[in-house]
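Numbering (this note's numbering), first residue to last: 4 to 85.
Written out as C-alpha coordinates, the structure reads:
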(Lines of atoms letter the chains of each structure in order from A and count residues from 1; the text may use other names and numbers.)
(Lines give C-alpha, C1' and ligand atoms only; values in the text may rest on other atoms or scores of the structure.)
Protein backbone atom coordinates (compact mmCIF):
# COMPACT_ATOMS: atom_id res chain seq x y z
CA UNK A 1 0.00 0.00 0.00
CA UNK A 2 1.30 3.38 -0.84
CA UNK A 3 0.69 6.44 1.31
CA UNK A 4 -1.99 7.79 -1.03
CA UNK A 5 -4.37 4.85 -0.61
CA UNK A 6 -3.74 3.84 2.99
CA UNK A 7 -6.18 4.63 5.76
CA UNK A 8 -4.73 6.55 8.64
CA UNK A 9 -6.40 6.91 11.99
CA UNK A 10 -5.61 9.47 14.66
CA UNK A 11 -3.20 8.33 17.36
CA UNK A 12 -5.99 8.13 19.96
CA UNK A 13 -8.41 6.20 17.70
CA UNK A 14 -10.55 3.47 19.26
CA UNK A 15 -13.52 1.53 17.96
CA UNK A 16 -16.90 2.49 19.37
CA UNK A 17 -18.99 0.10 21.42
CA UNK A 18 -22.53 -0.95 20.55
CA UNK A 19 -23.92 1.40 23.20
CA UNK A 20 -21.95 4.32 21.77
CA UNK A 21 -23.10 3.44 18.26
CA UNK A 22 -26.71 3.52 19.39
CA UNK A 23 -26.10 6.92 20.98
CA UNK A 24 -24.41 8.26 17.85
CA UNK A 25 -27.02 6.87 15.46
CA UNK A 26 -29.78 7.48 18.01
CA UNK A 27 -33.26 7.65 16.65
CA UNK A 28 -32.99 5.15 13.81
CA UNK A 29 -35.44 2.89 15.60
CA UNK A 30 -37.73 5.82 16.29
CA UNK A 31 -37.59 6.82 12.62
CA UNK A 32 -38.61 3.28 11.66
CA UNK A 33 -41.56 3.41 14.04
CA UNK A 34 -42.53 6.86 12.73
CA UNK A 35 -42.42 5.48 9.20
CA UNK A 36 -44.72 2.59 10.15
CA UNK A 37 -47.15 4.94 11.92
CA UNK A 38 -47.09 7.28 8.92
CA UNK A 39 -47.94 4.40 6.56
CA UNK A 40 -50.76 3.23 8.83
CA UNK A 41 -52.12 6.79 8.89
CA UNK A 42 -52.05 6.98 5.09
CA UNK A 43 -53.84 3.63 4.73
CA UNK A 44 -56.38 4.71 7.34
CA UNK A 45 -57.16 7.87 5.38
CA UNK A 46 -57.65 5.89 2.16
CA UNK A 47 -60.04 3.52 3.95
CA UNK A 48 -61.87 6.52 5.43
CA UNK A 49 -62.37 8.01 1.96
CA UNK A 50 -63.63 4.68 0.65
CA UNK A 51 -66.05 4.41 3.57
CA UNK A 52 -67.37 7.89 2.77
CA UNK A 53 -67.92 6.91 -0.87
CA UNK A 54 -69.83 3.76 0.10
CA UNK A 55 -71.87 5.62 2.73
CA UNK A 56 -72.82 8.34 0.24
CA UNK A 57 -73.68 5.74 -2.41
CA UNK A 58 -75.77 3.82 0.08
CA UNK A 59 -77.81 6.85 1.10
CA UNK A 60 -78.29 7.92 -2.53
CA UNK A 61 -79.49 4.42 -3.39
CA UNK A 62 -81.81 4.44 -0.39
CA UNK A 63 -83.23 7.80 -1.49
CA UNK A 64 -83.82 6.50 -5.03
CA UNK A 65 -85.64 3.46 -3.66
CA UNK A 66 -87.78 5.73 -1.47
CA UNK A 67 -88.62 7.97 -4.45
CA UNK A 68 -89.54 4.93 -6.56
CA UNK A 69 -91.75 3.43 -3.85
CA UNK A 70 -93.45 6.78 -3.20
CA UNK A 71 -94.10 7.24 -6.93
CA UNK A 72 -95.67 3.77 -7.04
CA UNK A 73 -97.88 4.58 -4.05
CA UNK A 74 -98.91 7.90 -5.63
CA UNK A 75 -99.78 6.13 -8.90
CA UNK A 76 -101.85 3.56 -7.02
CA UNK A 77 -103.64 6.31 -5.07
CA UNK A 78 -104.41 8.26 -8.26
CA UNK A 79 -105.77 5.15 -10.00
CA UNK A 80 -108.04 4.33 -7.04
CA UNK A 81 -109.35 7.84 -6.43
CA UNK A 82 -109.63 9.51 -9.84
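All C-beta atoms, glycine included, are put in the ideal place defined by N, C-alpha and C.
Here the structure is a predicted model, which is why all the values come from computation and not from measurement.
Whole-angstrom distance between residue j and residue i, CA atom to CA atom
{"i": "residue 50", "j": "residue 36", "result": "21 Å"}
{"i": "residue 45", "j": "residue 79", "result": "51 Å"}
{"i": "residue 47", "j": "residue 54", "result": "10 Å"}
{"i": "residue 63", "j": "residue 77", "result": "21 Å"}
{"i": "residue 57", "j": "residue 33", "result": "36 Å"}
{"i": "residue 74", "j": "residue 59", "result": "22 Å"}
{"i": "residue 23", "j": "residue 41", "result": "28 Å"}
{"i": "residue 70", "j": "residue 52", "result": "27 Å"}
{"i": "residue 66", "j": "residue 85", "result": "28 Å"}
{"i": "residue 68", "j": "residue 38", "result": "45 Å"}
Reduced DSSP secondary structure (H/G/I, E/B, other) of residue i
{"i": "residue 56", "result": "helix"}
{"i": "residue 37", "result": "helix"}
{"i": "residue 15", "result": "coil"}
{"i": "residue 62", "result": "helix"}
{"i": "residue 20", "result": "coil"}
{"i": "residue 9", "result": "coil"}
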